[in-house]
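Residue numbers (the numbering used here), protein chains in the order written: chain A, 1 to 248; chain B, 1001 to 1149.
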């Protein structure tokens, strides 16, 4: 059990994270990029069209991973918020600050692709149902995390306020997930559920799985890159940053 | 865990629990308003109000779609496959996914004869994604995966 505590303490050190994270960032970029390239080429170019929707269903390969990842990023941000509030771990705050803009972009991607898909499929781009509204709220939560931090002038107060918003906002996640079951919505119920046979044919499932995995890896790489930038920003002027910036 | 951390954890969990309870009660109270549309049963049993702008949804009944001889007018019935059907009248362009058996959402109002006068028809895609060559054997939805692989 000692190593868990050890890793936890080490991960709390921005400098330690900065020193060791570069290979991870590059690796995740490469693996994620290749997976997305393979999954998207396969999904957009090679699988047959869907029986009723035709080619417009292909946006699924972008929309579903983005929507799924947006929720996952928020859960990560909320956990970081809890860690910061209880243990005052600096890295947890930096993670929220680094991940919030990424989460906003991914959520907007999910909303935008949903609208583009809705126009030919539903016959309308935007409908105010429980799923779309709760996802829009997720975008506002990410935006709120960014705005709140900048609105509070004292950094340690801002960090606490942002962490609390991150934690409380997590109750929106089950609302997004179960909105299509609790309420009548225009958005369809999930095609893939744990413990159930997927309602999506295997030919479509494989490229989708590649893209979901690819999005996870690539976005993890982006978050690490953002985190590294925040660490340098925070420690600007310290000895080790100056050393790192001086070409040897 | 040190006492101060345990105390902070308790405070955070208390705040989250409070917010969850509040949201749960709000959603339960607003349930009918959060629902996007009336299901066929509620249209048939009179829960859906007459002469008020509402939305309703159901599956298009097989063989119920009748196009006017001239113009864009169309009449069809929506059902929940549990014996609740109602008629819809719409003049306009139907969405591309519109077909018999398709889940459909209509916006408009119920007239005195309980016919839904729609001013908007939207298609509700279901969770099934099936390639064209499996069309026909895949109506069940759940076992398409086995058929495809």
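Just so you know, even glycine gets a beta-carbon here, dropped at the ideal spot from N, CA and C.
- For residue 1079 of chain B, there is no enclosing alpha helix (DSSP H); the residue is found in the beta strand (DSSP E) stretching over 1073-1079.
- Between residue 1008 of chain B and residue 86 of chain A the beta-carbon gap is near 5 Å, inside 8 Å, which marks them as a contact.
- In the DSSP assignment, residue 1116 of chain B falls within the beta strand (DSSP E) that extends over 1116-1124.
- At a beta-carbon threshold of 7 Å, none of the residues of chain B lie near residue 6 of chain A; the nearest stands roughly 17 Å away.
- In this structure the stretch 1031-1039 of chain B lies against the stretch 182-191 of chain A, because at least three pairs of beta carbons, one per stretch, are closer than 8 Å.
- Contact of residue 1121 of chain B with chain A is assigned, a C-beta pair being separated by under 8 Å.
- In this chain, the alpha helix (DSSP H) harbouring residue 8 of chain A covers 2-11.
- Across the stretch 87-106 of chain A, CB contacts with chain B closer than 7 Å involve 87, in sequence order along the chain.
- Between the C-alpha atoms of residue 1127 of chain B and residue 174 of chain A there is a straight-line separation of about 19 Å.
- Sequence-distant partners of residue 158 of chain A (beyond 5 residues in either direction) whose C-beta falls short of 6 Å from its own C-beta, in its chain, are 149, 152.
- Below 8 Å, enough C-beta pairs join the stretch 59-71 of chain A and the stretch 192-210 of chain A to call them touching: three or more.
- Sixteen is the threshold: when 16 or more other Cβ atoms of the shown chains lie within 10 Å of the Cβ of residue 121 of chain A, as they do, the residue is buried.
- Using a Cβ-Cβ cut-off of 7 Å, residue 1089 of chain B is close to nothing in chain A; its nearest Cβ partner there is about 17 Å away.
- Contiguous alpha helix (DSSP H) elements confined to the stretch 33-83 of chain A do not occur, taking only those with 4 or more residues.
- When Cβ-Cβ separations below 8 Å define contact, residue 1012 of chain B makes contact with chain A.
- Bounds of the alpha helix (DSSP H) holding residue 115 of chain A are 90-121.
- Pairwise C-beta distances place the stretch 1021-1038 of chain B out of contact with the stretch 32-50 of chain A, as fewer than three of them are shorter than 8 Å.
- Residues of the stretch 1072-1100 of chain B with a C-beta atom less than 9 Å from some C-beta of chain A are 1093, 1094, 1095, 1096, 1097, 1098, 1099, listed in chain order.
- Counting of Cβ neighbours within 10 angstroms places residue 66 of chain A among the buried residues, the total reaching 16 or more.
- Contact annotation: residue 218 of chain A and residue 33 of chain A have beta-carbon atoms nearer than 8 Å.
- The stretch 215-230 of chain A makes contact with the stretch 22-32 of chain A, as at least three CB pairs between them are under 8 Å.
- Between the alpha carbons of residue 238 of chain A and residue 109 of chain A lies a gap of roughly 37 Å.
- Residue nearest to residue 210 of chain A within the set A:172, A:64, A:104 is A:64 (criterion: CA-CA distance).
- For residue 145 of chain A, the uninterrupted alpha helix (DSSP H) segment begins and ends at 130-151.
- By the neighbour-count definition (other C-beta atoms within 10 Å, threshold 16), residue 1124 of chain B is a buried residue.
- With the criterion set as a beta carbon lying under 8 Å from some beta carbon of chain B, the members of the stretch 167-181 of chain A are 167, 168, 170, 171, 175, in sequence order.
- Under DSSP, no beta-bridge partner is assigned to residue 1004 of chain B.
- Using a C-beta cut-off of 8 Å, the stretch 1111-1123 of chain B makes contact with the stretch 1091-1101 of chain B, since at least three inter-stretch Cβ pairs fall below that distance.
- Neighbours of residue 1126 of chain B in chain A, taken as residues whose beta carbon is under 7 Å from its own, are 188 in chain order.
- According to DSSP, residue 1087 of chain B shares a beta bridge with B:1077.
- Look at the stretch 162-202 of chain A and you find these whole runs of alpha helix (DSSP H), each 4 residues long or longer: 172-182.
- The Cβ neighbour count for residue 172 of chain A, taken over all protein chains shown within 10 Å, is at least 16; the residue is labelled buried.
- From the beta-carbon of residue 120 of chain A, the residues of chain B found nearer than 9 Å are 1095, 1096, 1097.
- For a Cβ distance threshold of 8 Å, nothing in chain B lies close to residue 40 of chain A: the least Cβ distance comes to about 17 Å.
- At least one C-beta of chain A is nearer than 8 Å to the C-beta of residue 1009 of chain B.
- Taking a contact as a CB-CB distance under 8 Å, the pair residue 1089 of chain B and residue 1075 of chain B counts as one, their CB atoms being some 5 Å apart.
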